[in-house]
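Step one of this worksheet: look at the structure below.
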Amino acid sequence: MLIKSIGRYFIFLGALFTNREKFVTYYKLVLEECVLIGIGSIFLVVLVSTFMGAVTTVQTAYNMVSPLIPDYVIAQVVREMTVLELAPTVIAIIYAGKVGSSMASGLGTMRITEQIDALEVMGINSISYLVLPKIVASMLMYPLLVIVAGVCSLVGGYLVGTVGNYITPTDYVYGIRFVFQEFSVFFALIKSVVFAFLVSSISSYKGYYTRGGALEVGVASTEAVTSSVIAILIADYLLAQLLVGG
Amino acid sequence: MIEIKNISKSFNGKEVLKDISGVFHKGMPNLIIGASGTGKSVLLKCIVGLIKPDSGKVYYDGRNFTDADINLKTEIRREIGMLFQGGALFDSKNVEENVRFPLDILTDMTPAEKLDRVNFALHRVGLENVNKKMPSELSGGMKKRVGIARAIVNNPRYLFCDEPNSGLDPQTAIRIDDLIGDLTQEYSMTTIVVTHDMNSVLGIGENILFIYQGQKLWEGSNKDIMNSGVKDFDDFVFANKVMSKIREK
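Protein chains in written order, with this note's numbering: chain G, 4 to 249; chain B, 3 to 251.
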């Protein structure tokens, strides 16, 4: 069953690139999806990442009990956690819950109300027309959301760290810049592109093949989030092993 | 003209269509009728290629659609207009965008030409000043008419209607039937209508194919239905008292 589903998923991906429409058609659709994904998710991303940075700062400061460890290490820990995991991975899980479920339920509803059939009858490759713009927009917008999340997380950490007297502003800024490796940001962006692809393609796949009625649309939406999260976690491990592992 | 030859289809071992053949003529409404669950919609979906039949062939003016490559299939499909049971209007687009959609995708018309064509199609189905309305703001009958406008906007050679008057009041249903009949003659299209509505059968059923339990049981026109000689067909046609009385007279 799982193997059949994976095989079907790859056939689905293959269909994205066959019998395509004019470039200008996709251009408009990608822009629409970018607005939908970007504007629609920005509030949640800012909110979650700001609190994530704030909590990480408080937790790290709470656990720094040794007087031999300088305060700026708190900021360094917040930076590393934010750039390597919190911004790309945790936000990806939130992204799957928000954007992924929306993609699955949107396509599922189109399926059960015969809108996808209508496209097919017109001679339009519905997979390519409906899904390709979502994937492209997702891969363009999610890295930007990750950058926003990273900045907000660090700002959140700064605000709570300085207002709560866990760390001085000078130490925080010093810690943020201390032994900074640019590759970490590059690594986070690679992860974000991969996660965006996984969330958008898996969610679209689940939605596209919905059968039945409103209940099944809900099931497809839930399955989309579950499968996306599992795929994110597996890909996170594989990428870590591949790019920074021994 | 559309010709189907020996179409069969099973789902999970259950035979839904059994060796159905028939010819659907140009310039007249061709009806596929039968009780609910007899395979009418499955047959229609086999004809338009939404479901692949297990065996049998579909020919569009002699062109083998079933075995066609992707290019020929796309070419034929771009000559098709279809009205779905629920309208299948795109929720995110307003009426004008819905009707314009085939023109946006399939033609190189200028925006002004497209708007003219959209307004013409909407006028043809008796809808005006609804361009900016969303599908959720329309009644069932209006949705069907917008669906017809979308189906005819690109001058299709083939028109398919799946239960065009289900869920509509009798007056609107007759108006929709008349519209389908008129458009078919006017544009000389090959039109196939799937229905179980006797008003449609009597009104526009010039060529009728009766499906019973997945098999073609009878073929003829609405002029022949009084004496078909097929019991299951008579049971379907004369199920209501009015029809029975008409037959007795």
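Glycine residues also receive a C-beta, built at the ideal position from the N, C-alpha and C atoms. Keep in mind that this is a model prediction, so the values were computed, not measured.
Under DSSP, B/V196 forms a beta bridge with B/I34, B/D164. The continuous stretches of beta strand (DSSP E) do not include B/N96, and DSSP gives it neither H nor E. Secondary structure note for G/E226: its alpha helix (DSSP H) is the uninterrupted segment 217 to 246.
If you draw a straight line from the Cα of G/L50 to the Cα of G/R214, it is about 36 Å long. Residues of the segment 80 to 98 of chain B with a C-beta less than 9 Å from any C-beta of chain G: R80, E81, I82, G83, M84, F86, Q87, G88, G89, A90, L91, F92, D93, S94, listed in chain order.
Under DSSP, B/M84 takes part in a beta bridge, and its partners are B/F162. Residues of chain G with a Cβ closer than 8 Å to the Cβ of B/I150 do not exist, since the nearest Cβ in that chain sits about 13 Å away. Using a CB distance below 7 Å, the part of the segment 112 to 144 of chain G facing chain B consists of T116, E117, Q118, D120, A121, E123, V124, M125, G126, I127, ordered along the chain. Taking the Cβ atoms as the reference, B/S57 lies roughly 5 Å from B/S10, within the contact range of under 8 Å. Taking a beta-carbon distance threshold of 8 Å, G/E24 counts as an interface residue toward chain B. In this structure, the straight-line span from the alpha carbon of B/S43 to that of B/N32 is close to 14 Å. For the pair G/V86 and G/F183, the Cα-to-Cα distance works out to about 11 Å. Between the alpha carbons of B/V195 and B/F162 lies a gap of roughly 6 Å.
The beta carbons of B/S223 and B/G207 sit closer together than 8 Å.
Inside the segment 124 to 171 of chain G, DSSP marks whole alpha helix (DSSP H) runs of 4 or more residues at positions 129 to 166, from first to last along the chain. The three-state secondary structure of G/K209, taken from DSSP, is helix.
Burial is judged here by how many other beta carbons sit within 10 angstroms of a residue's own beta carbon; G/K209 has at least 16 and is buried. Shown here is that no member of the segment 38 to 66 of chain G has a Cβ falling below 7 Å from a Cβ of chain B.
B/T76 has a beta carbon lying within less than 8 Å of a beta carbon in chain G. Identification of chain B residues near G/T225 by a Cβ-Cβ cut-off of 9 Å yields none; the smallest Cβ-Cβ distance measures about 21 Å.
Using a C-beta cut-off of 8 Å, the segment 145 to 162 of chain B makes contact with the segment 116 to 127 of chain B, since at least three inter-stretch Cβ pairs fall below that distance. With contacts defined as CB atoms closer than 8 Å, B/I213 and B/V203 fail to qualify as a contacting pair.
For the pair G/S207 and G/S108, the Cα-to-Cα distance works out to about 9 Å. Inter-segment contact for the segment 159 to 173 of chain G and the segment 94 to 103 of chain G is absent: fewer than three beta-carbon pairs are separated by less than 8 Å. Cβ-Cβ separation between B/V97 and B/K146: approximately 13 Å, too far for a contact (criterion under 8 Å).
Excluding sequence positions up to five before and after G/A90, its CB lies within less than 7 Å of the CB of S52, V149, A152, G153, S156, A191, all in the same chain and listed in chain order. For B/E188, the uninterrupted alpha helix (DSSP H) segment begins and ends at 172 to 189. In this structure the segment 80 to 96 of chain B touches the segment 113 to 128 of chain G; the number of beta carbon pairs closer than 8 Å is three or more.
The beta carbon of B/L105 lies closer than 7 Å to those of M111, K116, R119, V155, N156 in the same chain, with the five residues before and after it left out.
Straight-line spacing of the CA atoms in G/C37 and G/K137 works out to 8 Å.
Taken atom to atom, the span from the alpha-carbon of G/A223 to that of G/S104 is near 8 Å. Contact between G/I77 and G/G178 holds, with the beta-carbon distance rounding to 6 Å and staying under 8 Å. Relative to the Cα of G/I42, the nearest Cα in the group G/A140, G/K25, G/V202 belongs to G/A140. The C-beta of G/T28 comes closer than 8 Å to at least one C-beta of chain B. In terms of Cβ geometry, B/L170 and B/I178 form a close pair [threshold 8 Å]. For G/Q79, the closest C-alpha among the options G/V247, G/M142, G/R180 is that of G/R180.
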